[in-house]
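So the structure is just underneath, and the comments pick up after that.
Below you can see the structure in the form of structure tokens.
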């Protein structure tokens with residue numbers, strides 16, 4: 490018994506020394522922060538995940554309000570809410586790299602999102618850009634045709650419910666739209682969410698499920714993921730979170746069908762018009778060092794693209810439709826612009842919508858305040874360190890930034906919590922765009938930025954040109970969200986009553 494007690498005392502003493510060192514003798518000890526999070530990250534994560542799930546970003550916001558732009562958010566982590574530092578971290582040529590402890594937990598390692606090595610990322614990024622995400626006018630036109638087709642299908646269904654006087658589930662409609670767009674672009678055919686009576690789809694349901702799980706089992710799932718993402722396929726289903734397995738397994742038959750259907754096709758003009766992302770990943774051209782992806786890696790890249798493309802822009806649309814409708818002046822000005830630009834509903838197009846100044850202003854404000862990817866995106870300080878306000882930060886420390894906080898920084902944004910599209914019509918709007926963090930910046934900025942803009946242009950223009958839109962059975966409380974890497978709305982789905990416009 491005495492030996493057991495002695496061992497316990499020794500362990501407690503060692504633990505006390507570790508805690509004291511973390512709090513008072515660590516290179517980051519001069520910065521204020523979360524004492525429990527620094528002393529015992531495991532206990533703090535358990536507290537966050539079970540008692541304060543999805544609220545960490547708001548706790549960090551309170552720490553910044555109390556202590557200033559730099560707070561310590563972990564043993565080796567600083568959270569930075571300073572737009573000028575953010576620009577340095579994300580500039581072209583920056584030596585800051587993704588934090589493997591974070592990205593190994595939320596993504597497959599050998600994907601465009603998961604790559605830590607900039608050279609590997611550049612090679613994959615180049616393939617994807619050339620296949621579908623190039624900002625060239627020709628490619629934008631291709632994306633626009635796809636989006637216009639899907640938006641027309643969605644609004645035709647909305648029109649049926651408008652005539653019948655049935656409330657429309659805007660939330661599900663937007664999720665279905667984005668998923669059908671990205672799945673067709675990626676795999677050559679859509680999941681058919683827009684054709685389902687309730688816009689339902691297994692992939693969408695599993696996508697929502699995994700984000701809900703991450704709010705309370707994050708610590709457990711992330712630990713499992715760190716192991717399982719590097720396991721062979723036969724072991725994958727036994728060690729990985731069930732929702733991730735289902736998402737990957739759901740995509741596999743569709744990928745296999747498409748790959749098989751393309752075998753033996755002649756590379757003529759007709760087949761080139763059908764080419765999608767899978768074609769580029771299985772038959773890459775360009776660098777001689779770029780090899781076709783094996784089936785498992787291909788499946789992981791597809792799931793990554795479906796997840797990112799199926800949720801972020803749809804969340805922005807949901808948020809934007811709600812806030813446009815609840816602001817009578819914004820709603821009126823947008824509708825007036827659309828009625829002038831498009832005499833008939835069928836006239837709505839990406840080509841016409843993307844040049845409308847007030848619609849542009851609304852979309853920018855949606856992206857600023859809508860937070861489709863709100864939380865921290867950690868970057869590792871390079872080996873030579875970094876000078877932070879005159880203090881040397883050693884290499885290996887981690888800098889975290891948040892789009893939610895940066896897009897509301899009071900030094901940049903006047904009345905930052907207001908949904909005010911007019912701010913983008915003023916003479917300093919170019920400066921504001923420089924500090925927008927919604928798509929990240931630099932070489933790791935959002936791959937599907939132009940696709941997201943296309944969906945926002947066409948969907949918002951068509952919806953508010955074709956229908957009178959009145960929010961139904963949805964409150965501000967329903968639109969509150971939690972940070973589960975992507976956002977998850979806390980309340981009931983956004984619904985609206987629609988009626989046809991006379992003109």
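Residue numbers (the numbering used here): 490 to 992.
We treat Cβ as the ideally placed atom computed from N, Cα and C, and that holds for glycine.
Source: prediction; values computed, not measured.
Other residues of its chain near residue 597: CB distance less than 7 Å, five sequence neighbours each side excluded: Answer for residue 597: 603, 718, 789, 793, listed in chain order.
Give me, in chain order, the residues of the same chain whose beta-carbon lies closer than 8 Å to that of residue 911; leave out the 5 immediate sequence neighbours on both sides. 850
Closest residue to residue 819 among 580, 846, 675 (Cα-Cα distance): 846
Work out the CA separation of residue 626 and residue 591 for me, nearest whole Å. 36 Å
Leaving out five residues before and five after residue 804 in sequence, what residues of the same chain have Cβ atoms less than 6 Å from its Cβ? 861, 976
Near residue 649, which residues of its chain fall below 7 Å by C-beta distance, leaving aside the five closest residues on each side in sequence? There are no such residues.
Counting pairs of beta carbons, one from the segment 659-666 and one from the segment 977-988, are three or more of them closer than 8 Å? yes
Do you know offhand how far residue 628's Cα is from residue 868's? 32 Å
For residue 512, which residues from the same chain have a beta carbon less than 8 Å from its beta carbon, with the 5 sequence-adjacent residues on both sides left out? 518, 524, 527, 528
Burial state of residue 865 (16 or more Cβ within 10 Å): buried
Between the Cα of residue 766 and those of 813, 675, 807, spot the shortest distance and give me the residue it belongs to. 675
Between the segment 921-932 and the segment 955-969, can you find at least three pairs of beta-carbon atoms closer than 8 Å? Under the 8 Å Cβ criterion, the segment 955-969 does not count as touching the segment 921-932, having fewer than three qualifying pairs.
Going by the DSSP bridge assignment, what does residue 889 pair with across the sheet? 568
DSSP three-state call for residue 960: helix, strand or coil? Residue 960 falls in the strand class under three-state DSSP.
Specify the secondary structure class of residue 970 as computed by DSSP and reduced to three states. The answer is strand: DSSP assigns residue 970 an E or B state.
Given a cut-off of 8 Å on the beta-carbon distance, is the pair residue 616 and residue 770 in contact? yes
Should residue 971 and residue 563 be called a contact, given that it needs their Cβ atoms to be closer than 8 Å? no
Return the Cβ separation of residue 570 and residue 895 in integer angstroms, given the expectation that the two are a contact with Cβ distance under 8 Å. A Cβ-Cβ distance of about 7 Å is found for the pair residue 570 and residue 895, placing them in contact under the 8 Å criterion.
Just to confirm the assignment, what range does the alpha helix (DSSP H) spanning residue 601 have? Run containing residue 601: none; DSSP gives neither H nor E here.
Buried or exposed by the 16-neighbour rule on C-beta atoms within 10 Å, applied to residue 916: exposed
Label residue 655 either buried or exposed according to how many other C-beta atoms from any shown protein chain fall within 10 Å of its C-beta, with 16 as the threshold for buried. exposed
Is it the case that the Cβ atoms of residue 567 and residue 875 are separated by a distance below 8 Å? no
For residue 849, does the three-state DSSP call read helix, strand or coil? helix
Where does the unbroken alpha helix (DSSP H) through residue 560 begin, and where does it stop? Not the alpha helix (DSSP H): residue 560 falls in the beta strand (DSSP E), residues 559-561.
Tell me the residue span of the beta strand (DSSP E) that contains residue 876. 875-877
Cα separation between residue 823 and residue 987? 16 Å
Our contact map puts residue 810 next to residue 595 with C-beta atoms below 8 Å; I'd like the distance itself, whole angstroms only. Wrong, their Cβ atoms sit about 28 Å apart, outside the cutoff.
Just to confirm my understanding: we take residue 952, look at its own chain, exclude 5 residues before and 5 after, and list those with CB closer than 8 Å. What are they? 644, 647, 810, 958
Give me the Cα-Cα distance between residue 736 and residue 694, rounded to the nearest whole angstrom. 10 Å
DSSP state of residue 988, grouped into three classes? strand
Run the CB neighbour count on residue 722, radius 10 Å, all protein chains shown included, and call it buried at 16 or more, exposed below. Legend: pLDDT at residue 722 = 49, less than 50; position of this residue unreliable, value from coordinates given subsequently. Exposed, because fewer than 16 other Cβ atoms sit within 10 Å of the Cβ of residue 722.
Per DSSP, cross-strand counterpart(s) of residue 978: DSSP output for residue 978 lists 970 as bridge partner(s).
DSSP state of residue 864, grouped into three classes? If DSSP states are grouped into helix, strand and coil, residue 864 belongs with coil.
I need the boundaries of the alpha helix (DSSP H) containing residue 595, first residue and last residue. 589-595
Which stretch, first to last residue, makes up the beta strand (DSSP E) that contains residue 646? From DSSP, residue 646 is part of no beta strand (DSSP E) but of the alpha helix (DSSP H) over 626-653.
Hey, how far is the Cα of residue 813 from the Cα of residue 685? 27 Å
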